[in-house]
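Report on the structure given below.
Protein chains: 2
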Amino acid sequence: MAKELTPRSENYSQWYNDLVMKADLAEQSDVRGCMVIKPYGYAIWEKIQRTLDDRFKETGVQNAYFPLLIPKSFLSREAEHVEGFAKECAVVTHYRLKTNATHDGVVVDPDARLEEELIIRPTSETIIWNTYKNWIHSYRDLPILCNQWCNVMRWEMRTRLFLRTAEFLWQEGHTAHATREEAEARAKQMLEIYADVVENVMAIPVIKGVKSETERFAGALDTYTIEALMQDGKALQSGTSHFLGQNFGKAFDVQFVDQNNQLQYAWATSWGVSTRLMGALIMTHSDDNGLVLPPNLAPIQVVIVPIYKKEEELAAISAKVAEIMPRLKAKGISVKFDDNDKKKPGWKFAEYELKGIPVRLAIGPRDLENNSAEVARRDTLTKEQLSLDGIEEKIVALLADIQQNIYKKALDYRNEHITKVDTYDEFKRVLTEKGGFVLAPWDGTPETEEQIKNETKATIRCVPFGNPLEDGVDMITGKPSKQRVLFAISY
Amino acid sequence: MAKELTPRSENYSQWYNDLVMKADLAEQSDVRGCMVIKPYGYAIWEKIQRTLDDRFKETGVQNAYFPLLIPKSFLSREAEHVEGFAKECAVVTHYRLKTNATHDGVVVDPDARLEEELIIRPTSETIIWNTYKNWIHSYRDLPILCNQWCNVMRWEMRTRLFLRTAEFLWQEGHTAHATREEAEARAKQMLEIYADVVENVMAIPVIKGVKSETERFAGALDTYTIEALMQDGKALQSGTSHFLGQNFGKAFDVQFVDQNNQLQYAWATSWGVSTRLMGALIMTHSDDNGLVLPPNLAPIQVVIVPIYKKEEELAAISAKVAEIMPRLKAKGISVKFDDNDKKKPGWKFAEYELKGIPVRLAIGPRDLENNSAEVARRDTLTKEQLSLDGIEEKIVALLADIQQNIYKKALDYRNEHITKVDTYDEFKRVLTEKGGFVLAPWDGTPETEEQIKNETKATIRCVPFGNPLEDGVDMITGKPSKQRVLFAISY
Chain A
563 MAKELTPRSE NYSQWYNDLV MKADLAEQSD VRGCMVIKPY GYAIWEKIQR TLDDRFKETG
623 VQNAYFPLLI PKSFLSREAE HVEGFAKECA VVTHYRLKTN ATHDGVVVDP DARLEEELII
683 RPTSETIIWN TYKNWIHSYR DLPILCNQWC NVMRWEMRTR LFLRTAEFLW QEGHTAHATR
743 EEAEARAKQM LEIYADVVEN VMAIPVIKGV KSETERFAGA LDTYTIEALM QDGKALQSGT
803 SHFLGQNFGK AFDVQFVDQN NQLQYAWATS WGVSTRLMGA LIMTHSDDNG LVLPPNLAPI
863 QVVIVPIYKK EEELAAISAK VAEIMPRLKA KGISVKFDDN DKKKPGWKFA EYELKGIPVR
923 LAIGPRDLEN NSAEVARRDT LTKEQLSLDG IEEKIVALLA DIQQNIYKKA LDYRNEHITK
983 VDTYDEFKRV LTEKGGFVLA PWDGTPETEE QIKNETKATI RCVPFGNPLE DGVDMITGKP
1043 SKQRVLFAIS Y
Chain B
563 MAKELTPRSE NYSQWYNDLV MKADLAEQSD VRGCMVIKPY GYAIWEKIQR TLDDRFKETG
623 VQNAYFPLLI PKSFLSREAE HVEGFAKECA VVTHYRLKTN ATHDGVVVDP DARLEEELII
683 RPTSETIIWN TYKNWIHSYR DLPILCNQWC NVMRWEMRTR LFLRTAEFLW QEGHTAHATR
743 EEAEARAKQM LEIYADVVEN VMAIPVIKGV KSETERFAGA LDTYTIEALM QDGKALQSGT
803 SHFLGQNFGK AFDVQFVDQN NQLQYAWATS WGVSTRLMGA LIMTHSDDNG LVLPPNLAPI
863 QVVIVPIYKK EEELAAISAK VAEIMPRLKA KGISVKFDDN DKKKPGWKFA EYELKGIPVR
923 LAIGPRDLEN NSAEVARRDT LTKEQLSLDG IEEKIVALLA DIQQNIYKKA LDYRNEHITK
983 VDTYDEFKRV LTEKGGFVLA PWDGTPETEE QIKNETKATI RCVPFGNPLE DGVDMITGKP
1043 SKQRVLFAIS Y
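Note that the protein sequences, when read in sequence, are chains A and B. Read the first sequence against our numbering and you will find it ends at 1053, with the numbers running on by one and no gaps. Read the second sequence against our numbering and you will find it ends at 1053, with the numbers running on by one and no gaps.
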């Protein structure tokens, strides 16, 4: 078959690319590092968006929109931000084209040079805090809880669809608060929302924790993270929430009069998830037949395929399906009847497996006689014959079971791939032979962290929330370690 | 009061700016020509978006996402497109910054110059048709019905919030078809959807029609438009849908094998509406007290303001409100109870008038005794005392009446401002003294159109659909005219 994927065991990275392209999720564009998100991929992203957006709004967050372009000088305002942030940015220097001399093309008009270059936003703390300066005067103006859904650009040299692209879509929340406590609580609250959606809707288990100083967002006092484990044993940072202290308040002079009539700098958080979540989704659940989608996220949850030779048979099946479809839809199930007569059932079966549709019903003349259908589930690839009586109730239960099953499968895999080690040899052996997360003692210094990264490519993914304190010895320096931290090689 | 607006009669343009800023809809950013859409403005835009998006999807359209940046050379591929399209574009020439010599700022890294400059999309026909080339091989691949919600940039020299900004948000639909007929029908279908949403949700009456050759989108064979009339007598183009023929199919070599096994170029449409609709909304309905929102679009439809002196009074009112709110919400009404004790009722009344909340309920101790409320409607600024028994039914009816009333008011104004003229003197007098649309005979030549534009600033807004043929004489050239066309001075 034309649509076969490279098996994971043969080449995981190629399998991923094959899947993304053949399941019509995304493709490379002719613009370096920028992807086209295809309708099927975008429909899944829209479901992620809608879920997150609803949850944000329940906590009082409002959407807004800030400019795409940021004056170059803004980036220098917060010293740590500019120092730590990657400088691979798209730079706008001119604002006009003109027809060329031979009248068959366009050239950049040299007379239309900007006085100050503009940067396509890699993230929007600077432009947003420059705006907040005018919004915040008194404690009564706080908190401000804004989010924006937008595109951002980081000129990555090596790109991979969804995981690392020059342009990507995301949401970035930016809040301003009167007190440190409130800002810290908000940063943690948003991480909990991310964890909830990623675990319960996307069925991806995550470890919540705090980043080491080295891995923190540039300009943050604390970065909270959710870390997921992919099937190849690599970790994927799936969402981060930053407590920014007063750094941006000071850099952009955002002061307010507090309840005691004192001037204070505002406290900040920012938090974001991106189309990278699509990569996490694909690499957590899918198999060599294609995508496996959690029912809570599948744009189409059930597909019905008629099996027939004669037109009368199709007509009889269609009549039956016309009776079943409204019963399924009434239960909130999204269902598609594929009666396209240009494709054979076998082709359709493979296609819907590739696209990860959770449940497939096949109905032929024999099934009609028995008032039943062959029901196949995508996650286990198993089939059973079910009566069409009360089929809607059975499908509801089946979808819930699939949702739970794929989460459990991912959770079991993840839990089997958290290994405690005490020595550097063990550490390296686990990384090479088993992969996954490694819990190892650490002396708490950036130098040791750096050495481990250079020698093994593993980084500290986080210090998990509620991590037990445990006296130990650093694997490398032999210095005291207060707790094990979570290492992994990551995307 | 601090929030008072400049009256329309004094300075319409200043009134508009005051309203946009003071009602918290949008503001200028520090990036030239780029606006910040504030949460309240964005909430209205989201309702417009959601409504349109649902309608698009009902017709089979799917969302997707294409790159922000377009290689410069793509713009030259479709000759008419590049010739006619404004060349005021933001140009990306570099992809990296670096720390400056004094380590206190960033400069553009001269070594990171792009081989080919990239343009921030002013519209996406070129990049999308370059992508469609790989998607379309057979008539079985057609139609393709994609839409994207995104930001675009056109480097406008004179900007006005929502109406004309360098960056704006819009949706752009791009469809590909096997036949001319199907593409033309789709272009018209999407215009009908725009007209439906703008008239029935936004309560803005529009005239549907086709653009003259001069006013067509660059690269289109036909541009369909909806034209609305603002309170100052100027027209505002509120949405366009283009039948692009095979121009982009040919420019990007998008060919398919048809049912007779012949190679054909694909037929195209594109269609868009933008945040400009926010400008149309404001300028159609609002008054000197602020925004007037159609209930179908208002993020908050009903606000309840307690009138009290003592805490016990507030407690009693709050208890009553707690009983009313769920009854209103159960009817699908969005309602807010403003019990903020730092603001006086008078301040709140003015604030909610400014923000265009359709219905205000004021409840004081006397009202409680009578089991009633003072109900004020924003559109007419009238008040009546209503019993709280079955208040939810009355509010539902009231909201429907307001929706209808503001549409009718705008429609009456628009109809009173369509004037038939036969001579150029009359034409000029109407434009100067009355404003609005002018139906005048035209010889059909671009030259006459150009002369009229230069001398009066009026342009042909459209030839209305179903326009009656009528033998006449061109106002200027005295040549025969086959029909009157719709002129106006426009935004």
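Note that CB positions come from ideal geometry on N, CA and C, so glycine has one too.
Three-way DSSP call (helix, strand, coil) for residue i in this model
i: Ser880 (chain A); result: helix
i: Pro601 (chain A); result: helix
i: Met563 (chain B); result: Unreliable positioning characterises Met563 (chain B) in this predicted model, as indicated by a pLDDT of 46, which lies under 50. A coordinate reading is not provided.
i: Ile755 (chain A); result: helix
i: Ala747 (chain B); result: helix
i: Val1047 (chain B); result: strand
i: Asn579 (chain A); result: helix
i: Ile606 (chain B); result: helix
i: Arg720 (chain B); result: coil
i: Phe1027 (chain A); result: coil
i: Val897 (chain B); result: strand
i: Tyr786 (chain A); result: strand
i: Pro1042 (chain A); result: strand
i: Arg702 (chain B); result: helix
i: Ala514 (chain A); result: The requested residue 514 (chain A) does not occur in the structure, where chain A is confined to residues 563 to 1053.
i: Arg570 (chain B); result: coil
i: Arg538 (chain B); result: Lying outside 563 to 1053, the shown extent of chain B, residue 538 (chain B) is not represented and no answer is given.
Distance CB(residue i)-CB(residue j) smaller than 8 angstroms
i: Ile957 (chain A); j: Leu855 (chain A); result: no
i: Leu630 (chain A); j: Arg716 (chain A); result: no
i: Ser638 (chain A); j: Val668 (chain B); result: yes
i: Leu948 (chain A); j: Ser934 (chain A); result: yes
i: Gln733 (chain B); j: Leu614 (chain B); result: yes
i: Thr1018 (chain B); j: Leu1001 (chain B); result: no
i: Val992 (chain A); j: Leu923 (chain A); result: no
i: Ala790 (chain B); j: Ile755 (chain B); result: no
i: Phe628 (chain B); j: Ile689 (chain B); result: yes
i: Asp580 (chain A); j: Tyr602 (chain A); result: no
i: Pro1008 (chain B); j: Thr776 (chain B); result: yes
i: Arg525 (chain A); j: Phe724 (chain A); result: Coverage of chain A is limited to positions 563 through 1053, which leaves residue 525 (chain A) absent and any answer about it impossible.
i: Gly811 (chain A); j: Trp829 (chain A); result: yes
i: Leu707 (chain B); j: Val653 (chain B); result: no
Where the alpha helix (DSSP H) through residue i begins and ends
i: Gly807 (chain A); result: Gly807 (chain A) -> not in any alpha helix (DSSP H); beta strand (DSSP E) instead, spanning 797 to 807.
i: Ile964 (chain A); result: 953 to 978
i: Lys910 (chain A); result: 907 to 916
i: Ile766 (chain A); result: Run containing Ile766 (chain A): none; DSSP gives neither H nor E here.
i: Glu936 (chain B); result: Glu936 (chain B) -> not in any alpha helix (DSSP H); beta strand (DSSP E) instead, spanning 934 to 939.
i: Asn1016 (chain B); result: 1008 to 1018
Residue i, enclosing beta strand (DSSP E) - first and last residue
i: Leu948 (chain B); result: 945 to 949
i: Ala924 (chain B); result: 921 to 925
i: Val992 (chain B); result: Where Val992 (chain B) is concerned, there is no enclosing beta strand (DSSP E), given that its DSSP letter is neither H nor E.
Residue i - partner residues in DSSP beta bridges
i: Lys982 (chain A); result: A:Leu1001
i: Ile690 (chain B); result: Partner(s): none; Ile690 (chain B) has no beta bridge.
i: Glu589 (chain B); result: B:Val598
i: Gln733 (chain A); result: A:Trp711, A:Val835
i: Tyr657 (chain B); result: Answer is none; Tyr657 (chain B) lacks a bridge partner.
i: Leu1063 (chain A); result: No answer is possible for residue 1063 (chain A): the residues shown for chain A start at 563 and end at 1053.
i: Thr1021 (chain A); result: A:Ala1050
i: Arg675 (chain A); result: A:His656
Report the start-end ranges of each alpha helix (DSSP H) in the region 609 to 654 of chain A that is 4 residues or longer and not cut off at the edges.
Here the runs fully enclosed are 641 to 646.
Output the residue ranges of the alpha helix (DSSP H) runs that lie fully inside the region 789 to 875 of chain A and measure 4 residues or longer, sorted by chain position.
Whole alpha helix (DSSP H) segments, 4+ residues: 809 to 813, 838 to 847.
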